[in-house]
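Protein sequences, first through last, are from chains Z and E.
Position one of the first sequence corresponds to residue 1 (this note's numbering), numbered consecutively onward.
Position one of the second sequence corresponds to residue 378 (this note's numbering), numbered consecutively onward.
Where is the CB? At the ideal position from N, CA and C, for every residue including glycine.
Here the structure is laid out as structure tokens; the discussion comes afterwards.
There are 2 protein chains.
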Amino acid sequence: VTDIDPTGIDPTDIDPTGVITAVYEIHGDDAETRAAALAVEQSHELPTELAPPIAVERSLGVVRELTGGDSAIATVDYPVGLAGGELPQLLVLLLGNVSLQPGIRLVDVAIPHDLAGAIGGPRLGVDGVRALTGVSGRPLLATALKPVGLDSAAIAALAYELAVGGLDIVKEDQGLANQPWAPFLERVPLIAEAVRRANAETGRRTLYLPVVDAPVAGYDRQLHAAREAGADGVMVLPGVGGWGALRHASNVLAGGMVLSHPSFLGGFTASPTHGIAPDVLFGTLVRLAGADASIFPSFGGRFSLSREQCVAIAEAARRPLAGLAPALPAPGGGMQIDRVPELRDAYGDDTVFLIGADLQRGEPRAAARRFAAAVGA
Amino acid sequence: VTDIDPTGIDPTDIDPTGVITAVYEIHGDDAETRAAALAVEQSHELPTELAPPIAVERSLGVVRELTGGDSAIATVDYPVGLAGGELPQLLVLLLGNVSLQPGIRLVDVAIPHDLAGAIGGPRLGVDGVRALTGVSGRPLLATALKPVGLDSAAIAALAYELAVGGLDIVKEDQGLANQPWAPFLERVPLIAEAVRRANAETGRRTLYLPVVDAPVAGYDRQLHAAREAGADGVMVLPGVGGWGALRHASNVLAGGMVLSHPSFLGGFTASPTHGIAPDVLFGTLVRLAGADASIFPSFGGRFSLSREQCVAIAEAARRPLAGLAPALPAPGGGMQIDRVPELRDAYGDDTVFLIGADLQRGEPRAAARRFAAAVGA
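Structure representation (structure tokens):
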């Protein structure tokens, strides 16, 4: 089972004395009792007086520290073996069952280097994506191909215009899938060809990333089809496709870019007293899962995260994390060209700026040029 | 891409005039504006004045009805083609981006029969699981093997005792994965053998369901290994493994039972003003995705859903749904043998009662016998 996802580290080589540390906010009464119950729920899910001593010794989570009052902070240590060397089980461990209890919010995670290595993280990361695009010294510029409902040829024509205009990444909207108007196997080769043609004219290396979200076996087929069509990577939706889907895509694409989209993940971030802190979800966890870049809804657009939360996401994507490559934060969702200076100031240059609709006001090629000019490209 | 998941219905055969209807509660101000924005966000994600007329005609969501005041109810119709005949994209359509906006709750879904047929739903359903177990006229009884940290042989010995004691389904806890103490490929054949031995002695047909949640390629390997070991089905965690994982499991197992676990899905149900109504999530969506039975946290245990919400989940799992087989609700999470009469009264007989820790107080075999006696088995 463990030889499939060749990260170079065998999970059975993980030092068994390692510890996974999770930090939770506990909102509401009785924080001490609930923190202790959480540590048991997430490890044994069995009252400790019923657990055999060998299991208590090997695999019980413990509350290492509890501070604060109304919003208590509990630091819980779990033996590293509980994750079984795999990301899905790490998520089950961190928040699986307690996601169903109100008032518990995961706000920080630390894992040993060897576990992180077994899970994988970004294959390309910031440097790898920059190498693919040939762009340094400024943010990368991306757009989304939309709306769904256009024919494949019309979408390809739009991709061509945006690539010629100067974007670094032309990705498909998460609304595209395998619809009758532009089926995946028809659409992807056409768009890949259009972007290649644009690149031949401009001398640039604009990347084309189709969205892949078919169910399990179809997912693998889509990844191979994307690679054969000459796509430069893919966009993956872990909220519907599963958390193993990101690293699997980078394994199949072997050198292609993997971009994560936050669709169907908002349940975790909508409440300030529950779920997962946005920087942990869209920074740490998505990066650990293998995203080279992570889309999230930026402040000032159609969504509700604050500037501070968004900057924290960007920092979590790039800061040192158990020896993994840094990932590119990709703020989007109602962004506009005239906000580029403000966004650059907030997020810094190792960022992908994602602008969709604003590039379709007037001629897309001209809008892409204005977007490129806004970062001095 | 579409020939992988053989549901018997080709997605391109779906009647293109069909409509997917979603009902949302919209909490907070400005419901009319936000409902209109939601219909656009979830379909085009592009202001309609910028969308080509052909896309407006083909693929734009529309608010059909808006009622109520403080908590407005918006009924939105989407052209069926937007789902592309696949479950992951249906979920993106229903709540993908707007899950990231506060105050929006998905409370009902209706889809055409041909789309439901293409997605698949339960292969076995209530009747199929009853046929596998040979049990009729009473609820089915299940338990979870735990805690994680035991050796494979110890878990197998526990499984044997519980099966001999009279349980219908012995499943693994979601805390088990591929940990060093009981690796998947070692553990699953041992437990399968132990349950077979119990069945040979009792003449009953207790089902053994290992948990499968390795990342994509490893997932397929685990499913095949489970089948080869003689497991009677599997438990799947769509919250980490992805929503395509349920039907994929039933395709690989071809006749085995697929049980869904709610781990890492609580973000959607923790807030009363956001996310997904529990009956839609754990009843309708999990069933549509292919679960023969759906575990959810019952009222009266360690979790927070009300009796009314739990009964609604059970009804959503079993009521007519676009021609799909009914699924078994599987309430669990802190259940106890002495509550069986109350639970039977609330949920009815086409239910799986899941009791974990309470069967490990004293001798598991004797506890399983008391559990069986409580339903007259």
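Item: Closest residue to Leu-517/E among Leu-544/E, Val-613/E, Ala-622/E (Cα-Cα distance); Value: Leu-544/E
Item: CB contact below 7 Å: Thr-394/E versus chain Z; Value: no
Item: Bridge partner(s) assigned by DSSP for Val-352/Z; Value: Leu-140/Z
Item: Proximity below 7 Å, CB of Arg-369/Z to CB of Gly-165/Z; Value: yes
Item: Own chain, CB closer than 7 Å to Leu-630/E, minus 5 neighbours either side, in chain order; Value: Leu-600, Arg-604, Gly-610, Val-611
Item: Thr-389/E: contacting residues in chain Z (beta-carbon distance under 7 Å); Value: Pro-180
Item: First and last residue of the uninterrupted beta strand (DSSP E) at Thr-284/Z; Value: Premise fails: Thr-284/Z is in no beta strand (DSSP E) and is neither H nor E.
Item: 3 or more residues per run - each beta strand (DSSP E) lying fully within the stretch 44-83 of chain Z; Value: 62-67, 71-79
Item: Residues near Arg-742/E by beta carbon distance below 8 Å, same chain, minus five either side; Value: Glu-538, Leu-539, Val-541, Gly-542
Item: The stretch 466-475 of chain E contacting the stretch 416-428 of chain E, beta-carbon criterion three pairs below 8 Å; Value: yes
Item: Val-19/Z, DSSP secondary structure in three states; Value: strand
Item: Residues, ordered as in the chain, of the stretch 576-607 of chain E that lie near chain C by beta-carbon distance below 8 Å; Value: No chain C appears in the structure shown, which is made up of the protein chains Z and E.
Item: For Ile-169/Z, the residue or residues it bridges with in DSSP; Value: Ala-142/Z, Leu-207/Z
Item: Between the CA atoms of Val-212/Z and His-274/Z - distance to the nearest angstrom; Value: 30 Å
Item: Selection from Ala-346/Z, Leu-66/Z, Arg-187/Z that minimises the alpha carbon distance to Glu-315/Z; Value: Ala-346/Z
Item: CA-to-CA distance, Ile-14/Z to Val-1/Z, given in whole angstroms; Value: Note on Val-1/Z: pLDDT 30, under 50, position unreliable in the model; no value is reported.
Item: Proximal residues to Ala-373/Z (C-beta, below 7 Å), its chain only, five neighbours per side dropped; Value: none
Item: For Leu-324/Z and Ala-110/Z, believed in contact at Cβ under 8 Å, the rounded distance; Value: Rounded, the Cβ-Cβ distance is 12 Å, inconsistent with contact.
Item: Gly-709/E - DSSP class collapsed to helix/strand/coil; Value: strand
Item: Proximity test, Cβ basis, 7 Å: Val-378/E and chain Z; Value: Reliability of the predicted coordinates at Val-378/E is poor, the pLDDT of 30 falling under 50, and the value obtained from them is presented with this limitation in mind. Interface residue, yes.
Item: Per-residue DSSP class, three states only, for Leu-223/Z; Value: helix
Item: Cutoff 7 Å: Ala-270/Z Cβ touching any chain E Cβ; Value: yes
Item: Within-7 Å CB hit, Gln-713/E to chain Z; Value: no
Item: Interface residues of chain E facing Asp-173/Z [CB-CB closer than 8 Å]; Value: Glu-422
Item: Simplified DSSP assignment, three categories, for Pro-649/E; Value: coil
Item: Host alpha helix (DSSP H) of Val-635/E (start-end); Value: Val-635/E -> not in any alpha helix (DSSP H); beta strand (DSSP E) instead, spanning 634-637.
Item: Chain Z contacts from the stretch 703-731 of chain E (Cβ-Cβ distance under 9 Å); Value: Gly-710
Item: Host beta strand (DSSP E) of Pro-297/Z (start-end); Value: 293-297
Item: Helix, strand or coil at Asp-3/Z according to DSSP, with G and I counted as helix; Value: Because the pLDDT of Asp-3/Z is 39, which lies under 50, any placement of that residue in the model is unreliable, and the number read from its coordinates should be weighed accordingly. Coil at Asp-3/Z, not helix or strand.
Item: Contacting residues, own chain, Cβ-Cβ under 7 Å from Gly-480/E (five flanking each side not counted); Value: Ile-403, His-404, Gly-405, Thr-650, His-651
Item: Sub-7 Å separation of Ala-577/E and Ala-536/E beta-carbons; Value: no
Item: For Gly-244/Z, three-class secondary structure by DSSP; Value: coil
Item: Assigned secondary structure, Gly-239/Z (DSSP; H/G/I helix, E/B strand, else coil); Value: helix
Item: Short Cβ contact (7 Å threshold) for Ala-327/Z with Arg-361/Z; Value: no
Item: Per-residue DSSP class, three states only, for Arg-482/E; Value: strand
Item: Ile-397/E at chain Z interface by Cβ criterion, 7 Å; Value: no
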